[in-house]
Amino acid sequence: MAGERVLVIGSGPAGLSATKELRNLGVDVVLVERESYLGGTPKKLKYSLLFPELRPASEVLDPLIKGVESSGVKTYMESIVEGVKDEGKGFTVSIKDKSGKITNEKVNAIIAASGFEHFDSRRKYEYGYGIIPNIYQISDIERMLSENKLVTTKGVPPKRVAILLCVGSRDATVGNTYCSRVCCAVSTKQAMEIKERVPDAVVHIYYMDIRTYGLMEDKLYWKSQLEYRVGYIRGRISEFMRGPNDTVIIKGEDTMNLNRALVVPYDMVILANGMELGLGSKQVAKALGLELEEHGFVKPIDPDRLPVQSTKKGIFLAGAITGPKTISDSITEGYAAAMKAYEYVTKGVWDESDFAKKRVEVAHH
Amino acid sequence: MAQAKSILQLPDDPRFLDMAYDVQGAVPEEERNLLSNLSPQDRETAIKFWQAVKSDFRYNEYLRGCLNCGVCTSGCPAAKFYDFGPREMIQYMMRDEVDKIWEFTNKKVWACVQCYTCSMRCPFNNEIAGLIMLLREYSVQFALPSAKEILAPYRRVLYTVLTMGNQVTPDMIQPDSFPDWGPQAVEESKNMDVYRKAIPVDLMQRTDIGWHPSLQTAVEMMTIMIESGVMDSLRGVDKDLYDMIMDIYEDRKSQLEEIKEKWQKGELDENELPDSWLDL
Chain A
0 MAGERVLVIG SGPAGLSATK ELRNLGVDVV LVERESYLGG TPKKLKYSLL
50 FPELRPASEV LDPLIKGVES SGVKTYMESI VEGVKDEGKG FTVSIKDKSG
100 KITNEKVNAI IAASGFEHFD SRRKYEYGYG IIPNIYQISD IERMLSENKL
150 VTTKGVPPKR VAILLCVGSR DATVGNTYCS RVCCAVSTKQ AMEIKERVPD
200 AVVHIYYMDI RTYGLMEDKL YWKSQLEYRV GYIRGRISEF MRGPNDTVII
250 KGEDTMNLNR ALVVPYDMVI LANGMELGLG SKQVAKALGL ELEEHGFVKP
300 IDPDRLPVQS TKKGIFLAGA ITGPKTISDS ITEGYAAAMK AYEYVTKGVW
350 DESDFAKKRV EVAHH
Chain B
0 MAQAKSILQL PDDPRFLDMA YDVQGAVPEE ERNLLSNLSP QDRETAIKFW
50 QAVKSDFRYN EYLRGCLNCG VCTSGCPAAK FYDFGPREMI QYMMRDEVDK
100 IWEFTNKKVW ACVQCYTCSM RCPFNNEIAG LIMLLREYSV QFALPSAKEI
150 LAPYRRVLYT VLTMGNQVTP DMIQPDSFPD WGPQAVEESK NMDVYRKAIP
200 VDLMQRTDIG WHPSLQTAVE MMTIMIESGV MDSLRGVDKD LYDMIMDIYE
250 DRKSQLEEIK EKWQKGELDE NELPDSWLDL
């Protein structure tokens, strides 16, 4: 079993966990990363605490990064996968670095873990993100929180904060009709972090449904109300206006009542922008020749039974490339993909599924 | 003698009624409306009205679903000034609440300004302003009192549109309707007849019409209005206007036929015709 090599694309939580696991199994790994550091989006956007355990992101990611760095993985930083040639039993991958130099690598299997990108809220132009001061995205706030610089444009901590959920998710006007899964939990966590820093701040979350699913219900949703007095207002804000003194005026409807319009000023507004596949992963999908499913994410061969296997033989998927995922889910998928890839390169195991062809017949009464 | 009440008769409360229809002799939920204050005739019309709207071919395309997010109502300029909200309507429609839809149609549906902001922003891609237009169309077809009331001030516009294809004529634009006019505009409006005569375009030399369609065009337009059912809708809402327009239509049609007949026989002397066929 000597000489087996696996290419891992992306060094986020999923890519790192897959790499680490493959190294433990004694497989050679080639790791390709677009940025100049390991850690993926959580490191790029400097995530603060992770839900639901409310521990710093570095506590989760740094052991993974250290483990990969010390395991002797051949790493291509600031590089992308330019193209893949299928050679029956393996692939020849051309990797392009920043200067345009192309290196060819022979590998037996590929794990695509290039992840997601946050939705760009400028696409919802009526929200005025990037135009009106003091409107931020959750991805901006994470950095502010981790650097302990939570201030408005006036340089003072905000006293009134509104968080709007479902920006770029569950919205047919931007073409994203899926739920991004993590934004409710992230926003609730951020509301608690804000209250921790500014205890007398008023924090309102504008929601349609709160989806802090599973064990997060009381760890986040209940806790935020019990211990931090975060307010939850049911309704989606339709537009923002610039108010006096750099405040932001929101326009919404309190949908718990009928026809009750809300026009309320806030010092700071946070848009809980969702997850999309992003250009990086689209390029990966194109280079590897992977199929996309109807929401624009990469399609696994069978979403229930084989979630980490792609539709192309020898290519495995892990993390948010197949849909919105939490960091812990991505790490789990990294392990799963590593195991599948190991089986494939050592014993040639490749499960088939006729999921795509099957149609469920129902009796019409 | 009053009929003896069954011992199982429970208060008219939805919680009780929902428990056992057969025991109580209650009708299923879809067939009753616990909050109904409508008279039996009104309720019958309301049900017919709602069924007509629902069976329109546009209804299922326009109404897709509702997340109850309130984006439509919060962006709505009419909701700012009236007790009106598109979300309210969508909710009634999705629950088949006939009474509520009836009330909404009679009291609120006319508050919409058809700006289509709700349709554009709806995350579920509902065609909300289109649904409002559907309610309005059918309330005209059903000749509802609110439709009559709301269309009454537009009689003159309806008249000019249906007879000549003009919406507004110059003599309809008068200072009393426009208190914000300055002195110059008021002065100019006084001698509109003279000013219009100076325009070297035949079509625009009168003040009782905006532009001057030919006799044949006018008759063809009115024929289209009759054949497409617009006049039928008008008959219910405004019988007098309907009669007036139909009289005008008959007149013009016979005039046109007369002129055509003369022309075919070669008896038409064009010098004898007036400048405008409206003076015939």
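Protein chains in written order, with numbering that gives the first Met the number 0: chain A, 0 to 364; chain B, 0 to 279. Yeah, the Cβ is synthetic: ideal placement off N, Cα and C, and Gly gets one too. The structure displayed is predicted, hence computed values, not measured ones.
- Rounded to the nearest whole angstrom, the C-alpha separation of LYS261/B and THR206/B is 30 Å.
- Contiguous beta strand (DSSP E) elements confined to the stretch 113 to 138 of chain A occur at 134 to 136, taking only those with 3 or more residues.
- The beta carbon of MET255/A lies closer than 7 Å to those of ARG233 in the same chain, with the five residues before and after it left out.
- Any Cβ of chain B closer than 8 Å to the Cβ of ASP119/A would place that residue at the interface, and such an atom is absent.
- Interface annotation for the stretch 235 to 255 of chain A against chain B: ARG235, ILE236, SER237, GLU238, LYS250, GLY251, GLU252, ASP253, THR254, criterion Cβ-Cβ distance under 8 Å.
- Counting the other Cβ atoms within 10 Å of the Cβ of LYS100/A gives fewer than 16, which makes it exposed.
- LEU62/B has a beta carbon lying at 8 Å or more from every beta carbon in chain A.
- Taking a beta-carbon distance threshold of 8 Å, ASN124/B counts as an interface residue toward chain A.
- Inclusion of VAL139/B and VAL156/B in the CB contact set at 8 Å is not warranted, their separation being larger than that value.
- Rounded to whole angstroms, GLU102/B and ARG57/B show a C-alpha spacing of 22 Å.
- Interface criterion not met: the Cβ of THR321/A is under 8 Å from no Cβ in chain B.
- The shortest C-alpha to C-alpha distance from VAL70/B to any of SER54/B, LYS106/B, ASN125/B, ASP95/B is the one to ASN125/B.
- Per DSSP, ARG234/B lies in no beta strand (DSSP E); the unbroken alpha helix (DSSP H) holding it starts and ends at 229 to 236.
- Secondary structure in the stretch 134 to 181 of chain B: the alpha helix (DSSP H) runs of 4 residues or longer, each lying completely within the stretch, are 144 to 150, 154 to 163 in chain order.
- DSSP links GLN308/A through a beta bridge to PHE315/A.
- Here HIS211/B is buried: its Cβ has 16 or more other Cβ atoms, across all protein chains shown, within 10 Å.
- Under the three-state reduction of DSSP output, ASN23/A falls in the helix class.
- One finds CYS165, ARG169, MET207, ASP208, ARG235 in chain A with Cβ atoms closer than 9 Å to the Cβ of LEU66/B, taken in chain order.
- If you draw a 10 Å sphere on the C-beta of PRO243/A, you find fewer than 16 other C-beta atoms in it, and that means exposed.
- Nearest to GLU86/A by alpha-carbon distance, out of GLY333/A, ILE314/A, LYS356/A, is ILE314/A.
- Closest in alpha carbon position to LEU255/B, among SER232/B, GLY265/B, GLU219/B, MET224/B, is GLU219/B.
- Annotated three-state conformation of ARG42/B is helix, per DSSP.
- Under the 8 Å criterion on CB atoms, ALA78/B is classed as interfacial with respect to chain A.
- Between ALA17/A and ALA317/A, the CB-CB gap stays under 8 Å.
- Interface flag for ALA362/A against chain B is unset, since no Cβ pair is found closer than 8 Å.
- Between PRO122/B and CYS68/B, the gap from beta carbon to beta carbon is short of 8 Å.
- PHE48/B does not reach chain A, its nearest Cβ partner there being about 22 Å away, counting only Cβ pairs nearer than 7 Å.
- For GLU266/B, the closest alpha carbon among the candidates GLU257/B, LEU150/B, ARG94/B is that of GLU257/B.
- DSSP places CYS75/B outside both helix and strand once states are collapsed to three, so it counts as coil.
- DSSP places TYR206/A in the uninterrupted beta strand (DSSP E) bounded by 201 to 206.
- Within the same chain, and ignoring the five residues on either side of TYR91/B in sequence, the residues whose Cβ sits closer than 8 Å to its Cβ are LYS99, ILE100, PHE103.
- Taking 8 Å as the threshold, the shortest C-beta distance from THR211/A to chain B does not fall below it.
- By alpha-carbon distance to ARG195/B, the top candidate from ASP179/B, PRO169/B, GLN183/B is PRO169/B.
- DSSP places ARG205/B in the coil class of the three-state scheme, outside both helix and strand.
- Residue pairing by DSSP places PRO199/B in no beta bridge whatsoever.
- At a cut-off of 8 Å, the C-beta of GLU125/A has a neighbouring C-beta in chain B.
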